[in-house]
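What follows is a set of notes on a single structure, which appears directly below.
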Amino acid sequence: MMHEKKVIDADMTSRIYDGKAQLDQNRDLLLGEHYNRMIVSTDFPTEGSNTFAGMEEIQNAAESTLQESYLVGDSAMAYEMNNGFQKELDFVTFLTVIAVFVVVLFTFRSLFSSAILVAVIQGAVFITTAIVALQGYSVNYIALILVQCILMGATIDYGILLICNYVEDRRGLERMEALTNAMNRSVKTILTSSLILIVSCLSITFLMTQKIIAQTCTIIACGAAMSVIMVLFVLPAILYLTDKIIVQHRGK
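Convert by adding 1 to the 1-based position in the sequence shown; the result is the number in the numbering used here.
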């Protein structure tokens, strides 16, 4: 008598039980006592205009259909950060300007000189951001916020050095002579410090594989270069035109 071969052997039975256990486990992950989870897969990138538009449609559909809903995931996080980016950037800008202004004011003891320094460096930050926007580069918002803080703290020293040298030389020289002498005394230090910052950031940009870090270093390098341009070309003109106010406030 021939023995019939079992259709489901022990190995297949074990696989079936394992599969059932996985299904039960996944079911527990999706169905909860108070909340259920829905997984939505799309062909959109992690972030971008199309992704944000899709996330907005999903959120609107969830709000109109469900009593309570929450979006989670990388795209949902990017969408939420994008919605609050402008407010956060404005707050960081305001906080950075006030903090740097107070520190510089404590050093110079002059509202006018402190305001000039902050305005020049903040102008360099705005120009850098505008150039990035006009070029159409896709930049992570974290990079812009970090650049805002780092550039204000790192490059304002260039302006402080130039103004200090100018005020010191102005005690015994005329405006143009004092400005020329202050530029000659300051330019070497400014270029040395700024080139170290720029080269260091660009080195990280070319070597780093993380996109956010590379973007941040690139913008810092561009912002530092723009700050040097503003300090060496714009700030001297402001000092020359506002000489009486600056010298008076410094107690000439």
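The beta-carbon is built from N, C-alpha and C at its ideal position, and this holds for glycine as well. Model, not experiment: these values are computed from the prediction.
Supposed contact pair residue j and residue i - C-beta distance, whole angstroms, cut 8 Å
i, j, result
"I197", "L233", "The Cβ separation is near 16 Å, so there is no contact."
"L203", "A179", "In fact, because the Cβ distance is near 35 Å, the residues do not count as touching under 8 Å."
"S187", "L162", "5 Å"
Within 7 Å, strictly: CB atoms of residue i and residue j
i, j, result
"D75", "T52", "no"
"D170", "N182", "yes"
"T105", "L90", "Before going further, note that residue 105 is Val rather than Thr in the sequence given. No."
"I164", "S114", "yes"
"V148", "Q216", "no"
"V121", "L236", "yes"
"A63", "S70", "yes"
"I205", "C218", "yes"
Residue i classed as buried or exposed, judged by whether at least 16 other C-beta atoms fall within 10 angstroms
i, result
"T94", "buried"
"S15", "exposed"
"L96", "exposed"
"M153", "buried"
"S50", "exposed"
"L240", "buried"
"F92", "exposed"
"N166", "buried"
"L135", "exposed"
"T156", "buried"
"D19", "exposed"
8 Å Cβ shell around residue i - same chain, five flanking residues per side excluded
i, result
"A226", "S195, I199"
"G252", "Residue confidence is low: G252 scores 48 on pLDDT, short of 50, so the model does not pin down where it sits. Its coordinate-derived value is still stated next. None."
"T129", "V148, L152, I220, C223, G224, M227"
Same chain only: Cβ atoms within 6 Å of residue i, ignoring 5 sequence neighbours per side
i, result
"M177", "none"
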